[in-house]
Amino acid sequence: MERISSDMEFIEPINLMWCKYKLLVQRPTQKTEMVLFEGSFDVCQYLRDRRMSNKLAQSVFLNMVKDSNMPKECPFHEGSLYFHNIYALDNLPAFLPEMDFTMFITFFEPNTTYESHIKLKGSLLESNRARYKIWP
Numbered sequence: 001m002e003r004i005s006s007d008m009e010f011i012e013p014i015n016l017m018w019c020k021y022k023l024l025v026q027r028p029t030q031k032t033e034m035v036l037f038e039g040s041f042d043v044c045q046y047l048r049d050r051r052m053s054n055k056l057a058q059s060v061f062l063n064m065v066k067d068s069n070m071p072k073e074c075p076f077h078e079g080s081l082y083f084h085n086i087y088a089l090d091n092l093p094a095f096l097p098e099m100d101f102t103m104f105i106t107f108f109e110p111n112t113t114y115e116s117h118i119k120l121k122g123s124l125l126e127s128n129r130a131r132y133k134i135w136p
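For the sequence shown, the tail end lands on 136 under my numbering, and the numbers increase by one without skipping.
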């Protein structure tokens, strides 16, 4: 069970932050990839409201920030931001089948060149996870 950690260094405060995400899954019979879901959200608004329309994306995001120093609100101040011990398979819903996947995540500040790109490749195996319900 591998876990991921990431550290970022902000050289100046960031007042607005957005996140774009895309999850691709392998289609073994066609040897192609299919977009399972993609979207974007305003990170600052999410920090204020703690609600996201895509429940699967919200589950992944909550997993990322549970062991981090993510601020409770914007702006993101100059200095280090860390995400430690991320285990992306925690709390995934039961309807997801076993699959190979590629996840693309981009954090960015609108109308600037400030971006951070993350690419994760992995496999979702039944033996690696318990099944959780993400909708109340």
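For each residue, glycine too, the CB sits at the ideal point set by N, CA and C.
On a predicted model such as this, the values are computed, not experimentally measured, just so you know.
Taking one C-beta from the region 107-114 and one from the region 26-36 each time, how about it: are there three or more such pairs within less than 8 Å? Contact between the region 107-114 and the region 26-36 is not established, with fewer than three Cβ pairs separated by less than 8 Å.
Quick check: what's the CA-CA separation for Gln58 versus Pro13? Your numbering for residue 58 matches position 58 in the sequence shown. Your numbering for residue 13 matches position 13 in the sequence shown. Rounded to whole angstroms, Gln58 to Pro13 spans 25 Å at the Cα level.
Which partner residues of Met34 appear in the DSSP bridge assignment? Counting from 1 along the sequence shown, the entry for residue 34 is found at position 34. Met34 pairs with Val25.
What is the DSSP secondary structure of Cys19, counted as helix, strand or coil? The sequence position of residue 19 within the sequence shown is 19, counting from 1. It is a strand residue.
Burial state of Ile11, where buried means 16 or more other Cβ atoms lie within 10 Å: Walking along the sequence shown from the start, residue 11 turns up at place 11. So Ile11 ends up on the exposed side.
Is DSSP giving Lys133 helix, strand or coil here? Position 133 of the sequence shown, counted from the start, is the residue given in the question as residue 133. Annotation note: pLDDT 47 at Lys133 (below 50); position unreliable, coordinate value reported separately. Residue state, collapsed to three classes: coil.
Rounded separation between Phe33 and Leu124 - CA only: Within the sequence shown, residue 33 is the residue found at index 33, counting from 1. Within the sequence shown, residue 124 is the residue found at index 124, counting from 1. According to the sequence provided, residue 33 is Glu. The question's Phe does not apply to it. If you draw a straight line from the Cα of Glu33 to the Cα of Leu124, it is about 15 Å long.
Check each candidate in Ser5, Gln45, Asp49 and Glu9 and name the one with the smallest Cα separation from Glu78. In the sequence shown, counting from the first residue as 1, residue 78 sits at position 78. Residue Glu9 holds the alpha-carbon nearest to the alpha-carbon of Glu78 among Ser5, Gln45, Asp49 and Glu9.
Would you tell me roughly how many angstroms separate the C-alpha atoms of Lys66 and Leu120, rounded to the nearest one? Taking the first residue of the sequence shown as position 1, residue 66 is located at position 66. Taking the first residue of the sequence shown as position 1, residue 120 is located at position 120. Roughly 18 Å between the two C-alpha positions.
What does DSSP give as the partner residues of Asp184 in its beta bridges? Lying outside 1 to 136, the shown extent of the chain, residue 184 is not represented and no answer is given.
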